[in-house]
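Engineer: Numbering (this note's numbering), first residue to last: 93 to 193. Heads up, the beta-carbon is just placed ideally off N, CA and C, and yes, glycines get one too. Since this is a predicted model, take the numbers as computed values, not measurements. Have a look at the structure that comes next, please.
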Amino acid sequence: DYEKDKIHELIVGTLENNGTNPGDYIKVMVEVEDRNDIPPVFVSIPEPININDDLPIGAIVGSMPAVDGDGSSPGNVVRYEMVGRGKALKYFQVDPDSGIV
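Below, the structure is given as structure tokens:
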């Protein structure tokens, strides 16, 4: 796994068929490529957000920060979107880059 070990050193050797004579060996460096294998998680569970009914359209009501444990970009970049159904999608939007609602 890339997040644990990025490089491994292997020593590959040879032996004669009779097993008594040593052969040759070589060191091989294996570099592990990062994969997008760790899903993003929210930093904390947000408290309910209370807003006034006269809040202007476009006002910020909160943010939902999340982190991704993948080791490198673009695998560790978090994107946000509103999911589900209902009236909330009509009245609210989330910034896809920052998570600000």
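Would you check if there are 3 or more beta carbon pairs closer than 8 Å linking the region 95 to 109 to the region 119 to 134?
Structural biologist: Output reads yes: the region 119 to 134 touches the region 95 to 109.
Engineer: Sort out for me which residues DSSP pairs Ala151 with in a bridge.
Structural biologist: Residue mapping note: residue 151 aligns to position 59 of the sequence shown, counting from 1. Answer by DSSP bridge pairing: none, since Ala151 is not bridged.
Engineer: According to DSSP, is Lys182 part of a helix, a strand, or is it coil?
Structural biologist: For this step, residue 182 is matched to residue 90 along the sequence shown. Reduced to three states, the DSSP call for Lys182 is helix.
Engineer: Can you say whether Tyr117 is buried or exposed, counting buried as having 16 or more other CB atoms within 10 angstroms of its CB?
Structural biologist: Working through the sequence shown from its first residue, we reach residue 117 at position 25. It counts as exposed.
Engineer: Give me the DSSP bridge partner(s) of Glu101.
Structural biologist: Numbered from its first residue, the sequence shown carries residue 101 at position 9. Its beta-bridge partners are Met121.
Engineer: Measuring from the CB of Gly154, is there a heavy atom of the ligand FAD at a distance below 8 Å?
Structural biologist: Within the structure as shown, the ligand FAD is missing, as the structure has no ligands at all.
Engineer: Taking Ile130 as the reference, which of Val159, Gly178 and Pro138 has the closest Cα?
Structural biologist: Sequence index remark: in the sequence shown, residue 130 carries index 38 (1-based). Considering only alpha carbons, the answer is Val159.
Engineer: Three or more C-beta pairs under 8 Å: does that hold for the region 142 to 151 against the region 164 to 177?
Structural biologist: No: the two stretches stay apart, fewer than three of their Cβ pairs being nearer than 8 Å.
Engineer: Does DSSP put Thr106 in a helix, a strand or coil?
Structural biologist: Translated into positions along the sequence shown, residue 106 becomes position 14. Residue state, collapsed to three classes: strand.
Engineer: Spatial neighbours of Thr106 within its chain, please: CB distance less than 6 Å, with the 5 preceding and 5 following residues excluded, ordered by chain position.
Structural biologist: Residue mapping note: residue 106 aligns to position 14 of the sequence shown, counting from 1. The answer, listed in chain order, is Gly115 and Asp116.
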